[in-house]
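Below: one structure, written as structure tokens.
Numbering (the working numbering), first residue to last: 3 to 448.
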């Protein structure tokens, strides 16, 4: 049975959220808080309970997200400063050769965006795309689209990037499972939206490298094996932690104490602290970077991370308000009665917010907040991870003029708005739909 007063309260909150961000240019953090409070007021929640819900939602969310996002940002900043991203990309280009450069760039983007933010990684690697275009005289989209696909997939699907970390926390998903499912879904999504679509659109739109961007002088990069080891260590430890926490561990001849210590080391907190220490020493101190410079690099990286942390906390408030009002349970029963599963609902919720206001992070967090309130019984680690990736897919769809990524791509590739729609916007849509298709397929067989 639908309580239409509760439904109207939630719809009013979402509409206000969109209006505050688009029309009045409010920072999404405060817009989410105001919208959450409006839902509580319209639903008839007592004033004191509304404030307690805000505190509970914010506090329960930030305990995990703040640590992971902060550590991830510092790790990525050191890697970026060391030139590790360029080293990995150039190594892959050499191994794959000019003929398969689009595949090399997709793989480079896929792994580099794990520790480095999407926009930063794109700006770092775009000179390689310019260089390839000038050398081969082919359309720059042949190389840029695969790179962008790899970056976009990891940015949305694979922790410790902020988006999936935030959604995983709101949905109480295990990060190890999210990483595994993110890779399983992300690889085919990257291939279809990257090299395959890139080859097609490059035959339709010719784009030359803009002359105003000149290649920088080469610098000495860290060894590629070291970069792979440092990036791979926290991922391996987090996944190992998940494996040891599952029924698989019963077949291992390890004592409970040994498993407990290994799980502590494999917890995202410990794994990312270790990754930071490795990056600090091997990519910093050992290469002659002063401690003061390293301190400055890591400190400055926390500014953008702070915004994401607060935004995630506000998403937790929105989730908690839906639980407090009982809206989540009501909607869960209704959607179950009409046969609409959690995965399609989560995807569509993320799509709506993404298309309306542009930010994939806001879309992910808002959709996660709404969806989490609908989860009445635990889904299990794998299926909760599928839900995280469904939301990530929906939040990646149809990047257009209200998304900063649209203008970043348009500017650096020298594309008109029309051609950015035909290339970048279509690519993100293919990425999202392929991701959803893979999630639905996995949900049928696992």
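Note that the Cβ used here is the ideal one computed from N, Cα and C, for glycine as well.
Given the structure is predicted, the values throughout are model-derived calculations rather than measurements.
1) How far does the alpha helix (DSSP H) with residue 293 in it extend, from its first residue to its last?
2) Within the region 373-402, note down every full beta strand (DSSP E) run reaching 3 residues or more, in order along the chain.
3) So what's residue 234 in DSSP terms, helix, strand or just coil?
4) Could you give the uninterrupted runs of the beta strand (DSSP E) lying entirely in the region 25-76, keeping only those of 3 residues or more?
5) Helix, strand or coil: how does DSSP classify residue 100 here?
6) With DSSP collapsed to three states, give me the class of residue 141.
7) For residue 104, count neighbouring C-beta atoms within 10 Å of its own C-beta (all shown protein chains included) and say buried if the count is 16 or more, exposed if not.
8) Return yes when the Cβ of residue 355 is within less than 8 Å of the Cβ of residue 363, no when it is not.
9) Per DSSP, what kind of secondary structure is residue 331 in: helix, strand or coil?
10) Output needed for residue 20: all residues of its chain with C-beta closer than 6 Å, excluding positions within five of it in sequence on either side, in chain order.
11) Using the rule of at least 16 other Cβ atoms within 10 Å of the residue's Cβ for burial, across every protein chain shown, is residue 213 buried or exposed?
12) Assign residue 257 to one of three DSSP states: helix, strand, or coil.
13) With DSSP collapsed to three states, give me the class of residue 1.
14) Determine the closest residue to residue 161 out of 233, 143, 263 and 133, with distance taken between C-alpha atoms.
15) Count the other CB atoms within 10 Å of the CB of residue 290; is the residue buried (16 or more) or exposed (fewer)?
16) Going by beta-carbon coordinates alone, are residue 32 and residue 282 separated by less than 8 Å?
17) Just to confirm my understanding: we take residue 77, look at its own chain, exclude 5 residues before and 5 after, and list those with CB closer than 6 Å. What are they?
18) Going by beta-carbon coordinates alone, are residue 261 and residue 90 separated by less than 8 Å?
19) Among residues of its own chain, excluding the 5 on either side of residue 1, which ones have a beta-carbon nearer than 7 Å to its beta-carbon?
20) Give the straight-line distance between the Cα atoms of residue 68 and residue 205, rounded to the nearest whole angstrom.
21) Please confirm whether residue 110 and residue 440 have their CB atoms less than 8 Å apart.
22) Where residue 219 and residue 153 are concerned, what is the direct C-alpha to C-alpha distance, given to the nearest angstrom?
23) Which residues in the same chain have their Cβ closer than 7 Å to the Cβ of residue 470, if we skip the five residues on either side of it in sequence?
24) Verify whether the separation of the beta carbon atoms of residue 200 and residue 127 is less than 8 Å.
25) Helix or strand or just coil, what does DSSP make of residue 223?
26) Determine the DSSP secondary structure at residue 197, reduced to helix, strand or coil.
27) Given this structure, state the Cα-to-Cα distance separating residue 65 from residue 85, to the nearest angstrom.
28) Taking the alpha helix (DSSP H) that residue 419 falls in, what are its first and last residues?
29) Residue 287: buried (16+ other C-beta within 10 angstroms of its C-beta) or exposed?
30) Between residue 333 and residue 133, what straight-line distance do the alpha-carbon atoms span, to the nearest angstrom?
31) What is the C-beta distance between residue 371 and residue 172, in whole angstroms, given that I count them as a contact (C-beta under 8 Å)?
32) Find out if the Cβ-Cβ distance for the pair residue 241, residue 387 is shorter than 8 Å.
33) Would you call the CB atoms of residue 391 and residue 352 closer than 8 Å?
34) Can you give me the Cβ contacts of residue 1 inside the same chain, cut-off strictly under 7 Å, excluding the 5 residues immediately before and after it?
35) Between the Cα of residue 413 and those of 198, 41, 83 and 146, spot the shortest distance and give me the residue it belongs to.
36) Buried or exposed for residue 258, going by 16 or more other Cβ atoms inside 10 Å?
Quick look at the numbers:
1) As a position in the chain shown, residue 293 is number 291, starting the count at 1. Run containing residue 293: 293-327, per the alpha helix (DSSP H) assignment.
2) none
3) As a working note, residue 234 is residue 232 in the chain shown. Residue 234 falls in the helix class under three-state DSSP.
4) none
5) Translated into positions along the chain shown, residue 100 becomes position 98. Helix.
6) Residue 141 sits at position 139 when you count from the first residue of the chain shown. Here residue 141 sits in coil by DSSP.
7) For this step, residue 104 is matched to residue 102 along the chain shown. Result: buried.
8) Translated into the one-based positions of the chain shown, residue 363 becomes position 361. Translated into the one-based positions of the chain shown, residue 355 becomes position 353. No. Outside cutoff.
9) For the purposes of this step, residue 331 is taken as the residue at position 329 of the chain shown. Helix at residue 331.
10) In the chain shown, residue 20 corresponds to position 18, counting from 1. Cβ neighbours of residue 20 beyond the five flanking positions: 358 and 359.
11) Position 211 of the chain shown holds residue 213. So residue 213 ends up on the exposed side.
12) The residue given as residue 257 occupies position 255 in the chain shown. Three-state DSSP puts residue 257 in coil, outside helix and strand.
13) An answer regarding residue 1 cannot be provided, because it is not within the stretch 3 to 448 covered by the chain.
14) As a first step, residue 161 is located in the chain shown; it is residue number 159 there, counting from the start. Here the closest residue by C-alpha is 233.
15) For the purposes of this step, residue 290 is identified with residue 288 of the chain shown, where counting begins at 1. Flag for residue 290 reads exposed.
16) Mapped onto the chain shown, residue 32 falls at position 30. Mapped onto the chain shown, residue 282 falls at position 280. Result no, Cβ atoms of residue 32 and residue 282 do not sit closer than 8 Å.
17) On the chain shown, position 75 is the one that residue 77 refers to. The residues are 117, 277, 278 and 281.
18) Within the chain shown, residue 261 is the residue found at index 259, counting from 1. Within the chain shown, residue 90 is the residue found at index 88, counting from 1. Contact flag unset, no.
19) Residue 1 is absent from the structure shown; the chain starts at 3 and stops at 448.
20) In the chain shown, residue 68 corresponds to position 66, counting from 1. In the chain shown, residue 205 corresponds to position 203, counting from 1. Looking at the two C-alpha atoms, the distance is approximately 44 Å.
21) In the chain shown, the residue the question calls residue 110 occupies position 108. In the chain shown, the residue the question calls residue 440 occupies position 438. Contact flag unset, no.
22) One-based indexing of the chain shown puts residue 219 at position 217. One-based indexing of the chain shown puts residue 153 at position 151. With a pLDDT of 49 at residue 219, under the threshold of 50, the modelled position of that residue is not reliable, and the figure given next carries that caveat. Answer to the nearest angstrom: the Cα atoms are 24 Å apart.
23) Residue 470 lies beyond the residue range present for the chain, which begins at 3 and ends at 448; the question has no answer from this structure.
24) Taking the chain shown and counting its residues from 1, one reaches residue 200 at position 198. Taking the chain shown and counting its residues from 1, one reaches residue 127 at position 125. In this structure, residue 127 does not lie closer than 8 Å to residue 200 by Cβ.
25) Along the chain shown, read from residue 1 onward, the residue named residue 223 stands at position 221. It is coil, neither helix nor strand.
26) As a first step, residue 197 must be located in the chain shown, where it is residue number 195. Here residue 197 sits in helix by DSSP.
27) For the purposes of this step, residue 65 is identified with residue 63 of the chain shown, where counting begins at 1. For the purposes of this step, residue 85 is identified with residue 83 of the chain shown, where counting begins at 1. Roughly 32 Å between the two C-alpha positions.
28) Taking the chain shown and counting its residues from 1, one reaches residue 419 at position 417. Element bounds for residue 419: 419-422.
29) On the chain shown, residue 287 is found 285 positions in, with the first residue counted as 1. Exposed.
30) Position 331 of the chain shown, counted from the first residue, corresponds to residue 333. Position 131 of the chain shown, counted from the first residue, corresponds to residue 133. Approximately 53 Å between the Cα atoms of the pair.
31) Counting from 1 along the chain shown, the entry for residue 371 is found at position 369. Counting from 1 along the chain shown, the entry for residue 172 is found at position 170. Contact holds; Cβ gap of about 6 Å.
32) Against the chain shown, residue 241 aligns to sequence position 239. Against the chain shown, residue 387 aligns to sequence position 385. No, these two residues do not count as a Cβ contact at 8 Å.
33) Along the chain shown, one-based indexing puts residue 391 at 389. Along the chain shown, one-based indexing puts residue 352 at 350. Their beta carbons are not under 8 Å apart, which means residue 391 does not touch residue 352 by this criterion.
34) In the structure displayed, the chain extends from 3 to 448; residue 1 sits before or after that span and is not available.
35) For the purposes of this step, residue 413 is identified with residue 411 of the chain shown, where counting begins at 1. Of the listed residues, the one whose Cα sits closest to residue 413 is 146.
36) Within the chain shown, the letter at position 256 stands for residue 258. By the neighbour-count rule (16 or more Cβ atoms within 10 Å), residue 258 is not buried but exposed.
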